[in-house]
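The next block holds one structure in the form of structure tokens; read it before the comments.
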Amino acid sequence: MNGAAAPIDAGTFDYIVAGAGSAGCAVAARLSEDGRNRVLLLEAGGRDSGFWIHVPIGYSRLFANPRINWMFESEPEAELEGRRMYQPRGKVLGGTSSINGMVYMRGNRADYDLWRQRGCTGWDWDSVLPFFRKAEDQERGPSETHGTGGPLRVTDQAIHWELGDHFIAAALEAGLPANNDFNDGEQEGAGPFQNTTDRRHRWSTATAYLRPARRRANLMVRTNSHATRVIVEEGRAAGVEFLCDGTRHVAHANGEIIVSGGVYGSPQLLQLSGLGPAALAREFGIPVVRDIPGVGADLQDHFYVRLAFRCTKPITLNDVANSPVRKLAAGLQYVLFKKGPLTSNGICAGGFARSDPRLERPDIQLNFSVWSFAERNNRGVVPHPFPGFTISAVHLRPDARGTVMLKSPDPLAAPAIRFNFLRTQYDLQALTAGMRLARTITRQPTLAPYVAEELIPGREVESDAQFEASIRKNGVSNLHPVGTCRMGADEAAVCDPRLRVNGVRGLRVVDASIMPSVPAGNTNAPTIMIAEKAADMILEDARAA
Ligand SMILES: Cc1cc2nc3c(=O)[nH]c(=O)nc-3n(C[C@H](O)[C@H](O)[C@H](O)COP(=O)(O)OP(=O)(O)OC[C@H]3O[C@@H](n4cnc5c(N)ncnc54)[C@H](O)[C@@H]3O)c2cc1C
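Residue numbers in the sequence shown follow the numbering used here, run continuously in steps of one, and reach 728 at the last position.
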């Protein structure tokens, strides 16, 4: 595979984007918009042609599908009874936006203001808001904080879930304020969630950005093309080597190379290229091009525990999944009318709260889902055989920091992922408070009649020590990893605030890996915002050159 034969010349482009995920599709589409820039988009996975990719409810079927999913595993986590954290990631056009839960969430205004305070000029809330708006096609119409006419459809739940209303009412009974829009910078409260769908189909970045751009003669999309090395010549990124059908190819860039492989793929590609920690490169016999110790450091993720409840009424998605008749009816309803339960991701409501009243902003997210599952791991998702619902308590600002490092010089081998979850008392306390709040909500007059039984963690869990034990046993990554090619103004940062890799000309990283800290919310919308802003900066720099 890596024999001595010269690689096939794949041509010369103005921009090469490696990785067609949430960020990569958006960046490639924006860079090719003028019809002049020649753009090559490389994707290790295939086309997003599978039926279940586009049906919102289908995402449970994508969770452990090796055809379109990298299905990574972390190393054993010391504080989690040695468990490995399963890490699904999209390996398909659209990347993880083609397999994710479709919740549209931007985070808190203060998250971005903190990025600026840490030296990332131009990344405060007021500066990033125009890019959130530019990306957006908000169903509720335009406002100061929302945009319409952008590529990314953002809609309310297409189907009305009775239980979702009861969750919101019960959260208000428990003392949370009402919040109808979690995306205007302020988050506290309970309310409905919005989704990246058009009420019928998933709106991945492949659908939103790439599909309208595909006919452009100046955009070449190559699937099944795994980038294996960024070639650096005299301090400038000059090309990308990639494997396609087991054969080496090389594409040349006379403009810039944009690495968009995601939080695992991007640091891995840089490390394979000799653009990471020098000691790591030497360990694997990779020539050191530039010692950048921060590549693969600063991995950060939300951490969560689910509370699962048996429901007293058959009004949940479990009941559709477990009944052949209702499943058939739902299928027909979708195929014929594009309506019904299949249009829903099932995560219909939620809330944001503070684990401690002394905190100035929420550090807990509650996600309310109208399903519950017996199993959700690398073997797939299996719903409970009875009515059920779930409240996930997510800790949004965990102290844990981890790493993503090569395990092998083989570009097709998975990297070593270490989260180091639950290393501080705050991480445990915050999650315990979140779980207690979730339980309190289920005991309010509006929701209590729907609770037949608390399955996880179980009502016998009462003391702090019992909660801690259940967190260590059941807690998992919330699948929002960021930070492994962190931007910053400090020496340890991988990229500067214009996302240029420090010390290498013509090379940027554009994806979730550049986030200096994880925003308080799901990470797809922030990643798309990053891509929009990056494209803007790249074109601006090209005009100024
Ligand atoms: C199961 C799940 C549910 C989620 N739910 C939500 C949600 O509801 N809402 C939300 O906001 N966020 C959610 N997220 C998180 C969110 O989707 C991600 O944070 C976001 O998609 C990351 O975008 P990215 O561009 O950084 O990476 P990705 O979208 O993962 O893109 C990376 C792309 O690069 C490709 N690639 C990698 N290495 C190479 C290489 N060497 N050569 C070529 N191509 C390569 C990959 O195949 C992939 O297509 C979820 C994540 C998961 C896993």
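Built from N, CA and C at the ideal position, the CB exists for glycine as well.
CB-CB under 6 Å to residue i, same chain, minus the five flanking residues each way: which ones, in chain order?
| i | result |
| --- | --- |
| Arg219 | none |
| Thr667 | Val446, Pro450, Gly479, Leu482, Val587, Ser696 |
| Ala672 | Gly302 |
| Ala635 | Arg493, Thr495 |
| Arg399 | Ser215 |
| Ser552 | Gly529, Ile530, Thr573 |
| Met184 | Model confidence at Met184 stands at a pLDDT of 44, short of 50, so the residue's coordinates are unreliable and nothing is read from them. |
| Arg213 | Ala718 |
Buried or exposed, going by whether 16 or more other CB atoms sit within 10 Å of the CB of residue i?
| i | result |
| --- | --- |
| Gln300 | exposed |
| His567 | buried |
| Gly186 | Here Gly186 scores only 49 on pLDDT, less than 50, and its place in the model is too uncertain to base an answer on. |
| Ser281 | buried |
| His329 | buried |
| Ala676 | buried |
| Phe520 | exposed |
| Lys656 | exposed |
| Val565 | exposed |
| Val518 | exposed |
| Asn291 | buried |
| Gly477 | buried |
| Ser387 | buried |
Which residues mark the beginning and the end of the alpha helix (DSSP H) in which residue i is found?
| i | result |
| --- | --- |
| Thr710 | 707-727 |
| Asp610 | 608-625 |
| Ile191 | Per DSSP, Ile191 belongs to no alpha helix (DSSP H); it is in the beta strand (DSSP E), 191-201. |
| Val503 | 500-504 |
| His349 | 345-356 |
| Glu651 | 647-657 |
| Ala764 | Outside the displayed span of the chain (184 to 728) sits residue 764, for which this structure offers no information. |
| Tyr517 | 507-520 |
| Asp484 | Run containing Asp484: none; DSSP gives neither H nor E here. |
| Ala293 | 292-300 |
| His237 | 234-237 |
Could you check the C-alpha separation between residue i and residue j for me, to the nearest Å?
| i | j | result |
| --- | --- | --- |
| Ser538 | Ile624 | 14 Å |
| Arg688 | Ala189 | 25 Å |
| Asp348 | Leu224 | 43 Å |
| Glu416 | Ile441 | 16 Å |
| Pro325 | Thr331 | 6 Å |
| Pro640 | Ile654 | 9 Å |
| Tyr392 | Phe315 | 14 Å |
| Ala504 | Trp554 | 10 Å |
| Arg250 | Asn401 | 29 Å |
| Gln627 | Gly358 | 10 Å |
| Asn560 | Gly418 | 43 Å |
| Ser443 | Gly333 | 21 Å |
| Leu630 | Pro570 | 14 Å |
| Asp610 | Gly448 | 27 Å |
| Gln649 | Met618 | 12 Å |
Leaving aside the five residues before and after residue i along the sequence, list all residues of the same chain whose C-beta is less than 8 Å from its C-beta, in chain order.
| i | result |
| --- | --- |
| Glu467 | A quick correction: the sequence has Phe, not Glu, at residue 467. For Phe467, where only same-chain residues beyond five positions count, the Cβ hits under 8 Å are Leu589, Ser591, Pro592. |
| Ala717 | Ala206, Val210, Ile441, Leu682, Arg691, Val693 |
| Pro259 | Gly265, Arg266, Arg267 |
| Gln608 | none |
| Thr499 | Leu346, Val553, Trp554, Ser555, Pro570, Gly571, Phe572 |
My understanding is that residue i touches residue j, with C-beta atoms under 8 Å, so please give their C-beta distance in whole angstroms.
| i | j | result |
| --- | --- | --- |
| Ala708 | Met288 | 6 Å |
| Ala703 | Asp294 | 6 Å |
| Ala201 | Leu452 | 6 Å |
| Ser257 | Phe602 | 6 Å |
| Leu549 | Ile574 | 6 Å |
| Glu371 | Ala536 | 7 Å |
| Pro524 | Ala513 | 5 Å |
| Ile240 | Ser527 | 6 Å |
| Ala318 | Glu715 | 5 Å |
| Cys208 | Ala389 | 5 Å |
| Thr406 | Gly233 | Contact flag wrong, Cβ pair sits at about 13 Å. |
Identify the continuous beta strand (DSSP E) that holds residue i and give its terminal residues.
| i | result |
| --- | --- |
| Ile440 | 430-442 |
| Glu260 | First-last for Glu260: undefined, no H or E at that position. |
| Gly585 | Here Gly585 belongs to no beta strand (DSSP E), and DSSP marks it neither H nor E. |
| Pro375 | 372-375 |
| Cys208 | Here Cys208 belongs to no beta strand (DSSP E); instead the alpha helix (DSSP H) covers 205-214. |
| Val565 | 563-566 |
| Phe551 | 547-552 |
| Leu225 | 222-225 |
| Val413 | 408-416 |
For chain C, find out if any of its Cβ atoms is closer than 8 Å to the Cβ of residue i; answer yes or no.
| i | result |
| --- | --- |
| Glu466 | Absent from the structure is chain C; it holds one protein chain and no more. |
Identify, in the order they occur along the chain, each residue of the same chain with its Cβ nearer than 7 Å to the Cβ of residue i, setting aside the five sequence neighbours on each side.
| i | result |
| --- | --- |
| Thr706 | His663, Val665, Ala695 |
| Ala596 | Lys590 |
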